[in-house]
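The opening position of the sequence shown corresponds to residue 1 in full-length UniProt numbering, with each subsequent residue numbered one higher.
From the three backbone atoms N, C-alpha and C, an ideal C-beta is built for every residue, glycine too.
These numbers come from a predicted model, not from an experiment.
Here's the structure we're looking at; comments come further down.
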Amino acid sequence: MILVTGATGHLGSAILDFLLPQLPASQIAGLVRDEQKAAGLQAKGVQVRFGSYDDPASLGRAMSGIKKVLLIAGTDEARRVQQHQNVVEAAQRAGVHWIGYTSRTLKDRATMANQLMEGHFQTEDAIKASGLDYSLFRNVLYMDALPQFVGEQVFERGIYLPAGQGKVPFALRCEMGEAIANVLAADGPAKPVYHLTGSASYSFADVAAVLTELAGKAVPYTPAEVPAFEQGLKARGLPDVVVGRIIGFMTDIKNGQEDEVSPDLAQLLGRQPASLSEGLRTLYKL
Numbered sequence: 001m002i003l004v005t006g007a008t009g010h011l012g013s014a015i016l017d018f019l020l021p022q023l024p025a026s027q028i029a030g031l032v033r034d035e036q037k038a039a040g041l042q043a044k045g046v047q048v049r050f051g052s053y054d055d056p057a058s059l060g061r062a063m064s065g066i067k068k069v070l071l072i073a074g075t076d077e078a079r080r081v082q083q084h085q086n087v088v089e090a091a092q093r094a095g096v097h098w099i100g101y102t103s104r105t106l107k108d109r110a111t112m113a114n115q116l117m118e119g120h121f122q123t124e125d126a127i128k129a130s131g132l133d134y135s136l137f138r139n140v141l142y143m144d145a146l147p148q149f150v151g152e153q154v155f156e157r158g159i160y161l162p163a164g165q166g167k168v169p170f171a172l173r174c175e176m177g178e179a180i181a182n183v184l185a186a187d188g189p190a191k192p193v194y195h196l197t198g199s200a201s202y203s204f205a206d207v208a209a210v211l212t213e214l215a216g217k218a219v220p221y222t223p224a225e226v227p228a229f230e231q232g233l234k235a236r237g238l239p240d241v242v243v244g245r246i247i248g249f250m251t252d253i254k255n256g257q258e259d260e261v262s263p264d265l266a267q268l269l270g271r272q273p274a275s276l277s278e279g280l281r282t283l284y285k286l
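Next up, the structure:
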């Protein structure tokens, strides 16, 4: 019996959709916090287990009879590490055999600018110390996030970001979901760490060039300086914490933290993942 947490989120839903053709629905459960969001899962035959990362008792009930748990990272930045610890401890108490976690692929924990990512490493530490068999899915930045990074008016204004010529092997979230589902469905032992990345790295200059080609109009990329970029974000009324987070992401990209290509995603998919051109064509419907 497999339990997928965050079952109604984007990644959780994708994983479940790829699991269902491989396993009987009776062997698949989804952890849901909001009962109103459970109907879609129930219609697919997925067992719904109600629980919250903040409620250890509910997590214990949700894990009854479960052998594998996939912990999808929570979104409450202030409480995320404790929430994840609650899931790990509940899995220990319930006799779960294996736990997976959707982490992040970053080269050097000691030098990263985006300290929000430290919570992922702390969760990894807790899982390693738990005594459970585990797999860490270190996911690269979703290609799906590119429209948010480059802005809604990218075809009118181009791309203006403080990422220098830093590169990222972007990958589509749906393909990461498919790969993780394949690991969950497999009978054999899983690797302790998977780096789920695209097959090539791309800079934002590359993103601009592909958008230019797909749209048939020039989309320039201008590497911004951090002070001017920060001032622009604040002028738009963004809170300081959000500004810091965006700059942290861009600084890590500029410094090469994300630039690590792995064959793991391609191997789990049994094909090459979508290229930047293929992904952007899909995302922008071009």
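Please name the residue or residues paired with histidine 195 in a DSSP beta bridge. Paired residues: Arg138.
Enumerate, from N- to C-terminal direction, the unbroken beta strand (DSSP E) stretches of 3 or more residues contained entirely within the region 198-256. 221-223, all fully within the region 198-256.
Secondary structure at phenylalanine 170, three-state DSSP: helix, strand or coil? DSSP places phenylalanine 170 in coil when its eight states are reduced to three.
With a threshold of 8 Å on Cβ separation, who are the neighbours of proline 147 within its own chain once the five nearest residues in sequence on each side are excluded? Cβ within range, chain order: Val154, Leu283, Tyr284.
With burial defined as no fewer than 16 other Cβ atoms inside 10 Å of the residue's Cβ, what is the status of glutamate 175: buried or exposed? When all chains shown are included, glutamate 175 counts as buried.
What is the rounded straight-line gap between the Cα of glycine 95 and the Cα of alanine 218? Straight-line Cα distance between these residues: approximately 57 Å.
Pull up the CB-CB distance for valine 207 and leucine 276, whole angstroms please, since I reckon it's below 8 Å. Sure, about 7 Å apart at Cβ, within 8 Å.
Residue closest to alanine 163, alpha-carbon to alpha-carbon, out of Ser203, Ala25, Ser135, Gln115: Out of Ser203, Ala25, Ser135, Gln115, Ser203 has the C-alpha closest to the C-alpha of alanine 163.
Report yes if the C-beta distance between glutamine 27 and isoleucine 2 is below 8 Å; otherwise report no. A contact, by the Cβ cut-off of 8 Å.
According to DSSP, simplified to helix, strand and coil, what is alanine 38? The answer is coil: DSSP assigns alanine 38 none of H, G, I, E or B.
So, are the CB atoms of serine 137 and glycine 100 less than 8 Å apart? Position check: residue 137 holds phenylalanine in this sequence, whereas serine was assumed. Against a cut-off of 8 Å, the Cβ pair of glycine 100 and phenylalanine 137 comes out as a contact.
In this structure, how does DSSP classify alanine 29 when only helix, strand and coil are distinguished? Under the three-state reduction of DSSP, alanine 29 is assigned to strand.
Mind checking which residues open and close the beta strand (DSSP E) that includes glutamine 22? For glutamine 22, no beta strand (DSSP E) run applies, since DSSP gives it neither H nor E.
Given this structure, state the Cα-to-Cα distance separating glutamate 260 from tryptophan 98, to the nearest angstrom. Near 27 Å, if we compare the C-alpha coordinates of tryptophan 98 and glutamate 260.
Would you grab the beta carbon distance between asparagine 86 and leucine 116 for me? Rounded to a whole angstrom, and I think it's under 8 Å. About 20 Å separates the beta carbons of asparagine 86 and leucine 116, which is beyond the 8 Å limit, so they are not a contact pair.
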